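2 protein chains.
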Amino acid sequence: MKPEHTRVPVLPPNAHLDGDCRGVASVLARVGDKWSVFVIMQLGGGPRRFNELKRMIGGISQRMLTLTLRGLERDGLVTRTVFPTIPPRVDYELTDLGRGLSTPVKALGAWAHEHQPEIESARTRFDGRNAAE
Amino acid sequence: MKPEHTRVPVLPPNAHLDGDCRGVASVLARVGDKWSVFVIMQLGGGPRRFNELKRMIGGISQRMLTLTLRGLERDGLVTRTVFPTIPPRVDYELTDLGRGLSTPVKALGAWAHEHQPEIESARTRFDGRNAAE
Chain B
8 MKPEHTRVPV
18 LPPNAHLDGD
28 CRGVASVLAR
38 VGDKWSVFVI
48 MQLGGGPRRF
58 NELKRMIGGI
68 SQRMLTLTLR
78 GLERDGLVTR
88 TVFPTIPPRV
98 DYELTDLGRG
108 LSTPVKALGA
118 WAHEHQPEIE
128 SARTRFDGRN
138 AAE
Chain G
8 MKPEHTRVPV
18 LPPNAHLDGD
28 CRGVASVLAR
38 VGDKWSVFVI
48 MQLGGGPRRF
58 NELKRMIGGI
68 SQRMLTLTLR
78 GLERDGLVTR
88 TVFPTIPPRV
98 DYELTDLGRG
108 LSTPVKALGA
118 WAHEHQPEIE
128 SARTRFDGRN
138 AAE
C-alpha cells in the first residue's frame, strides 16, 4: 500500500514525467512563478542591466527582482556579470540552459495569452452555474 | 511614477506577454501547480475515472485530486461527466482547450525532465560557492 501523503508523486512507467519527479516539480514551480517567466522572456532579447529589467517589467519591486534573479542564477539559467566600472555595471544574461528553457516558456506564454479570454469566460460560466445551484 | 507593488505587472509593448498579464499570470499559476500538470498529462491518454487518476498519480490525496479537478473544470480545461449507473460513474476528460494546453505543457515537462540534472548541479555549485564566501 502506498502512503497517502508522500510529497513526491510517483507516476507509473507510462507517464511522461517518470523518473525524478521532485526535480521536475521544482522546475515547474519556477515556471509557475510569473516573475521568473517575465525575466526569462525579457532576457530572451539579450543581456540586460538590473535597472533595465526593472523598467521593462513594470510592477516588480527591487527586492522581488533581486530574489528572482538570484533564483534563476542558482538554477543555472542566468549569469550575473559585474564590470569593474565606476559605478560597477551588472549585466544579467541567459545561459544556454536558460535559452533552452525560454523556448517552451514562450510557447506556454503565447498559449496563455491567446486563450486567456476563453479561460476567463469558462470561469465566469462555472461560477454562475455554481452560484445558481 | 509607477507604484512599486501593483499586483499586475505592466509589460512594455515589445514584450511577448503584452496585454492582459493578469490572465496570463493566472494560467501560469495553474501550470506551476504540479498536480494540475500531472492530471493534464494523464488525461492526455483519454478520459479517466476519479479512482483511475488517483491510482495513476501516486501521492495525491483524495482532497487534493478533487480540488485540482475542480480548478481544471472551472478553467474550462476538463469536463466532468456523471453516468447514471449504480454506483454512478464519473469520467473526467480534457476539453479541446485542455488538449491545446497539454501540448506546451508536455514540451515543458519534457524539458524539465531532460534538464533536471543540470539544474540540480547548478544549485549545488551555487550553494557551495555561497557557503564558501
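So the protein lines, in turn, are chains B and G. Taking my numbering, I'd label the letters of the first sequence as residues 8 to 140. Taking my numbering, I'd label the letters of the second sequence as residues 8 to 140. Cβ coordinates follow ideal geometry from the N, Cα and C atoms, glycine included. None of these values were measured; they are calculated from a predicted model.
Contact between Val44 of chain G and Val112 of chain G is confirmed by a C-beta separation of about 6 Å, below the 8 Å threshold.
By the criterion of a C-beta distance shorter than 6 Å, Val97 of chain G is surrounded in its chain by Phe57, Val89, once the five residues flanking it on both sides are discounted. With respect to Ala119 of chain B, Val34 of chain G sits close: the two C-beta atoms are nearer than 8 Å.
As DSSP reads the structure, Leu101 of chain B sits in a beta bridge with B:Val85. Along the stretch 97-109 of chain G, the positions whose C-beta sits under 8 Å from a C-beta of chain B are Leu104, Gly107, Leu108, read in chain order.
Listed along the chain, the chain G residues whose CB falls inside 9 Å of the CB of Lys61 of chain B amount to none; the nearest CB is some 10 Å away. Where Ile47 of chain B is concerned, the enclosing alpha helix (DSSP H) starts and stops at 41-50. Using beta-carbon distances, Phe133 of chain B counts as an interface residue toward chain G, with a partner under 8 Å. Under DSSP, Phe90 of chain B shares a beta bridge with B:Arg96. Judged by DSSP in its simplified three-state form, Gly78 of chain G adopts helix.
A direct Cα-Cα distance of roughly 15 Å separates Thr102 of chain G from Glu127 of chain B. In summary, Arg37 of chain G is buried, with 16 or more beta-carbon neighbours lying within 10 Å of its beta-carbon over all protein chains present.
For the set B:Leu108, B:Arg132, B:Leu72, B:Gln123, the Cα lying nearest the Cα of Arg55 of chain B is the one of B:Leu72. Residue-level contact check: Ala114 of chain B touches chain G, since one or more beta carbons of chain G fall below 8 Å from its beta carbon. Exclusion of the five residues before and after Gly51 of chain G leaves Ser109 as the residues of its chain whose Cβ lies within less than 6 Å of its Cβ. Close partners of Arg81 of chain B in chain G (Cβ separation under 8 Å): Ala129, Arg130, Phe133, Asp134. Put simply, the CB of Pro54 of chain G is far from chain B, with every gap to its CB atoms at 8 Å or more. Between Gly83 of chain G and Leu104 of chain G the beta-carbon gap is near 5 Å, inside 8 Å, which marks them as a contact. Looking only at B:Glu100, B:Arg70, B:Met63, B:Thr75, the smallest Cα-Cα distance to Arg87 of chain B is reached by B:Glu100. The C-beta distance from Lys61 of chain G to Gln69 of chain G rounds to 7 Å, short enough to fall under 8 Å. When secondary structure is reduced to three states using DSSP, Gly53 of chain B falls in the coil class, being assigned neither helix nor strand. For Asp134 of chain G, the closest alpha carbon among the candidates B:Gly53, B:Ala114, B:Arg132, B:Arg81 is that of B:Arg81.
In this structure Ala117 of chain G is not in contact with Ala114 of chain B, their Cβ atoms being roughly 12 Å apart against a cut-off of 8 Å.
For the set G:Ala138, G:Lys41, G:Thr131, G:Ala139, the Cα lying nearest the Cα of Thr75 of chain G is the one of G:Lys41. Chain G has a Cβ within less than 8 Å of the Cβ of Pro111 of chain B. In the structure shown, the three-state DSSP call for Gly116 of chain G is helix. Within 10 angstroms of the beta-carbon of Gly66 of chain G lie 16 or more other beta-carbons, which makes it buried.
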